[in-house]
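**Q**
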Amino acid sequence: MRKRARIIYNPTSGKELFKRTLPDVLIKLERAGYETSAYATEREGDATLEAERALEQNYDIIIAAGGDGTLNEVVNGIAEQPNRPKLGIIPMGTVNDFGRALHLPNDIMGAVDVIIKGHTTKVDIGKMNNRYFINLAAGGKLTQVSYETPSRLKSIVGPFAYYIKGFEMLPQMKAVDLRIEYDNEVFQGEALLFLLGLTNSMAGFEKLVPDAKLDDGYYTLIIVEKANLAELGHIMTLASRGEHTKHPKVIYKKAKSINISSFTDMQLNVDGEYGGKLPANFLNLKQHIEVCTPKDI
Numbered sequence: 287m288r289k290r291a292r293i294i295y296n297p298t299s300g301k302e303l304f305k306r307t308l309p310d311v312l313i314k315l316e317r318a319g320y321e322t323s324a325y326a327t328e329r330e331g332d333a334t335l336e337a338e339r340a341l342e343q344n345y346d347i348i349i350a351a352g353g354d355g356t357l358n359e360v361v362n363g364i365a366e367q368p369n370r371p372k373l374g375i376i377p378m379g380t381v382n383d384f385g386r387a388l389h390l391p392n393d394i395m396g397a398v399d400v401i402i403k404g405h406t407t408k409v410d411i412g413k414m415n416n417r418y419f420i421n422l423a424a425g426g427k428l429t430q431v432s433y434e435t436p437s438r439l440k441s442i443v444g445p446f447a448y449y450i451k452g453f454e455m456l457p458q459m460k461a462v463d464l465r466i467e468y469d470n471e472v473f474q475g476e477a478l479l480f481l482l483g484l485t486n487s488m489a490g491f492e493k494l495v496p497d498a499k500l501d502d503g504y505y506t507l508i509i510v511e512k513a514n515l516a517e518l519g520h521i522m523t524l525a526s527r528g529e530h531t532k533h534p535k536v537i538y539k540k541a542k543s544i545n546i547s548s549f550t551d552m553q554l555n556v557d558g559e560y561g562g563k564l565p566a567n568f569l570n571l572k573q574h575i576e577v578c579t580p581k582d583i
């Protein structure tokens, strides 16, 4: 019996490259034994709804083609269901943090080959209040970089756009009084930002969480305490080399459950998109999603 695959793709990702390549992708999957169909998203939330429909129709695999935002929506469509299909990924965004963490090929056909070969890995996902994420959740002005960076700048210089926008935003950063409860510990004080990482790649920083594991059931929690502009610039420079974890203004911990609150408004970034405001409760769902990956991940 032939396996059934449903492709959910963002037609505007990657300068519409996937849209133009889709016929070749369908042929390649058909030749590999997949009965394949495709759905193009049109607006925010479409990928979640289509993933829910694909699950109801008993597809064996859902393939997300787009950036981290598209992938996040697909995961939100299947995360709560008991019989989740396998997830294939064709990275088409500016940074593709999750694809980087999985060592997926950057080219479309290379990513399709990974899916066809059939090797899978069960990975953790995060749950924040009533929504899910696959890579990171964060709060603080600097974490708004990914959704405040102009699309034109991203298309011209790629991931470097986030570095440009990040340094531009440094003078705007203000510390916020936070209470962060993680497992059996508590941080209470002023902080510039916090990050909860599931992988080692965030906004193109592949060494931000140097010891991240995809399947251990733990978040990596990073808190940057109140610091001056020079200290913050130094921390960012160290982060590009994975050397920030020992800085005196950086708290670096592992935790399964985290609760964060503040008396001041703080916006949240979830997988590179606006994620609402605090308070928020975070749970790590260990090995919750089965993803197609290279064997040498």
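Just so we're aligned, residue 287 is where the sequence shown starts under the numbering used here, counting upward by one.
Note that the Cβ used here is the ideal one computed from N, Cα and C, for glycine as well.
From Glu434 to Lys532, what distance separates their C-alpha atoms?
**A** Sequence index remark: in the sequence shown, residue 434 carries index 148 (1-based). Sequence index remark: in the sequence shown, residue 532 carries index 246 (1-based). Summary for Glu434: the model assigns pLDDT 48, below 50, so the residue's position carries little reliability, and this model does not support an answer.
**Q** Taking the straight line between their C-alpha atoms, what separation do you get for Ile294 and Ile375?
**A** To locate residue 294, count along the sequence shown from 1; it is residue 8. To locate residue 375, count along the sequence shown from 1; it is residue 89. Between Ile294 and Ile375, the C-alpha separation is close to 10 angstroms.
**Q** Under the three-state reduction of DSSP, which class applies to Met522: helix, strand or coil?
**A** Working through the sequence shown from its first residue, we reach residue 522 at position 236. Looking at Met522 - three-state DSSP - the assignment turns out to be helix.
**Q** So, does the segment 504 to 516 touch the segment 475 to 484, judging by three or more C-beta pairs under 8 angstroms?
**A** Enough Cβ pairs lie closer than 8 angstroms, so yes.
**Q** Could you give the distance in angstroms between the alpha-carbon of Ile466 and the alpha-carbon of Thr506?
**A** As a working note, residue 466 is residue 180 in the sequence shown. As a working note, residue 506 is residue 220 in the sequence shown. Distance between the alpha carbons of Ile466 and Thr506 is about 13 angstroms.
**Q** With distances taken between CB atoms, is the gap from Gly284 to Asn296 smaller than 8 angstroms?
**A** No answer is possible for residue 284: the residues shown for the chain start at 287 and end at 583.
**Q** What is the DSSP secondary structure of Ser547, reduced to helix, strand or coil?
**A** Mapped onto the sequence shown, residue 547 falls at position 261. The answer is strand: DSSP assigns Ser547 an E or B state.
**Q** Assign Pro309 to one of three DSSP states: helix, strand, or coil.
**A** The residue you call residue 309 lines up with position 23 of the sequence shown. Note: Pro309 maps to helix in three-state DSSP.
**Q** From the DSSP secondary-structure annotation, give me the bridge partner or partners of Tyr345.
**A** Locating residue 345 in the sequence shown gives position 59, counting from the first residue. In DSSP, Tyr345 forms no bridge with anything.
**Q** Return yes when the Cβ of Asp551 is within less than 8 angstroms of the Cβ of Thr407, no when it is not.
**A** The sequence position of residue 407 within the sequence shown is 121, counting from 1. The sequence position of residue 551 within the sequence shown is 265, counting from 1. No, the Cβ-Cβ distance between Thr407 and Asp551 is not below 8 angstroms.
**Q** Determine the closest residue to Ser299 out of Thr380, Pro580, Ile401 and Val577, with distance taken between C-alpha atoms.
**A** Taking the sequence shown and counting its residues from 1, one reaches residue 299 at position 13. Comparing Cα-Cα distances from Ser299 to each of Thr380, Pro580, Ile401 and Val577, the minimum goes to Thr380.
**Q** Can you tell me whether DSSP reads Ala507 as helix, strand or coil?
**A** Here residue 507 refers to the residue found at position 221 of the sequence shown. Note on residue identity: the sequence assigns Leu, not Ala, to residue 507. In this structure, Leu507 counts as strand in the three-state DSSP scheme.
**Q** Using the rule of at least 16 other Cβ atoms within 10 Å of the residue's Cβ for burial, across every protein chain shown, is Val472 buried or exposed?
**A** Translated into positions along the sequence shown, residue 472 becomes position 186. Exposed: under 16 other Cβ atoms inside 10 Å.
**Q** Just tell me which of Asn555, Lys314 and Gly562 has its CA closest to the CA of Ile420.
**A** Position 134 of the sequence shown, counting from 1, holds the residue named residue 420. When only C-alpha atoms are compared, the closest one is Asn555.
**Q** Is Ala318 helix, strand or coil when you go by DSSP?
**A** Counting from 1 along the sequence shown, the entry for residue 318 is found at position 32. Of the three classes helix, strand and coil, the one that applies to Ala318 here is coil, per DSSP.
**Q** Using the rule of at least 16 other Cβ atoms within 10 Å of the residue's Cβ for burial, across every protein chain shown, is Asp310 buried or exposed?
**A** The residue you call residue 310 lines up with position 24 of the sequence shown. It is exposed - the Cβ of Asp310 has fewer than 16 other Cβ atoms within 10 Å.
**Q** Which one of Asn486, Asp557, Ser548 and Ile546 has the shortest CA to CA distance from Arg527?
**A** The count along the sequence shown starts at 1 and reaches residue 527 at position 241. The shortest C-alpha separation from Arg527 is found at Asn486.
**Q** Is it the case that the CB of Tyr505 approaches a heavy atom of the ligand SAH more closely than 7 angstroms?
**A** Judged by which ligands are present, the structure shown has none, so any question about the ligand SAH falls away.
**Q** Are the segment 564 to 582 and the segment 534 to 544 in contact at 8 angstroms, needing three or more beta carbon pairs?
**A** Yes, they touch.
**Q** Between which residues of its own chain and Ile442 is the CB-CB distance below 7 angstroms, once the five residues before and five after are set aside?
**A** Against the sequence shown, residue 442 aligns to sequence position 156. A caution first: Ile442 carries a pLDDT of 42, below 50, which makes its placement in the model too unreliable to give a value.
**Q** Residues in its own chain within less than 6 angstroms of Gly426 by CB, not counting five upstream and five downstream?
**A** Walking along the sequence shown from the start, residue 426 turns up at place 140. Cβ within range, chain order: Leu478 and Leu479.
**Q** How far does the beta strand (DSSP E) with Val409 in it extend, from its first residue to its last?
**A** On the sequence shown, position 123 is the one that residue 409 refers to. Run containing Val409: Thr406 to Met414, per the beta strand (DSSP E) assignment.
**Q** Opposite Arg465 in the DSSP bridges: which residues?
**A** Working through the sequence shown from its first residue, we reach residue 465 at position 179. Paired residue(s): Gln474 and Ser547.
**Q** Per the contact definition of three or more C-beta pairs closer than 8 angstroms, is the segment 303 to 320 in contact with the segment 328 to 336?
**A** They do not touch, by the three-pair rule.
**Q** Around the Cβ of Asp410, are there at least 16 other Cβ atoms within 10 angstroms (buried) or fewer (exposed)?
**A** Here residue 410 corresponds to residue number 124 of the sequence shown, with the count starting at 1. Classification of Asp410: buried, given that the 10 Å Cβ count is 16 or more.
**Q** Once the 5 residues before and after Ile620 are set aside, which same chain residues still bring their CB inside 6 angstroms of it?
**A** In the structure as shown, the chain begins at 287 and stops at 583. Residue 620 is therefore absent and cannot be evaluated.
**Q** Am I right that Ala423 and Gly412 are in contact with their C-beta atoms under 8 angstroms? What's the rounded C-beta distance?
**A** Translated into positions along the sequence shown, residue 423 becomes position 137. Translated into positions along the sequence shown, residue 412 becomes position 126. Yes, Ala423 and Gly412 are in contact; Cβ-Cβ is about 6 angstroms, under 8 angstroms.
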